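So that you can map any letter, position 37 of the sequence shown is 36 in numbering that gives the first Met the number 0, and since no number is skipped, the others follow by simple counting. To keep things clear, I will list the structure first and then write my remarks on it.
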Amino acid sequence: MDTTIASEAAIYIGAALCTLPMAASAWGVAKLWMSMIETVGRNPQVKKDVDIYGWAGFAAVEAIALYCLVVALIILFK
């Protein structure tokens, strides 16, 4: 077995493993928005308070996905 083929396969496997947390990030964003919609649906007066925390949570969860994407791209194109 040629070592270059094995190392190239390892690069692709490593990049694929780096993208797995992106699925968890998508689940986290969906869970966040479902909770926000449910909260505002039950108590519309708290919409302004919930919006601030919701957007902050969305940014934090989405940052995780972007970090994973950057690491995967660094692995692929290094």
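Beta carbons: idealized from backbone N, C-alpha and C, even for Gly. Just so we're clear, the structure is a prediction, and the values are computed from it rather than from any experiment.
| Check | Outcome |
| --- | --- |
| Checking 9 Å against the spacing of the C-beta atoms, do Gly-27 and Val-60 come in under that value? | yes |
| Pick helix, strand or coil for Lys-46, following the three-state DSSP scheme. | helix |
| What's the gap between the Cα of Met-33 and the Cα of Leu-16? | 27 Å |
| Using the Cα positions of Ala-14 and Cys-67, report the straight-line distance between them to the nearest angstrom. | 9 Å |
| For Gly-53, which residues in the same chain have their Cβ closer than 6 Å to its Cβ, ignoring the five residues on either side in sequence? | Met-35 |
| Verify whether the separation of the beta carbon atoms of Ala-64 and Ala-25 is less than 9 Å. | yes |
| Take Lys-77 and list the residues in its own chain whose beta-carbon comes closer than 7 Å to its own, dropping the five residues that flank it on each side. | none |
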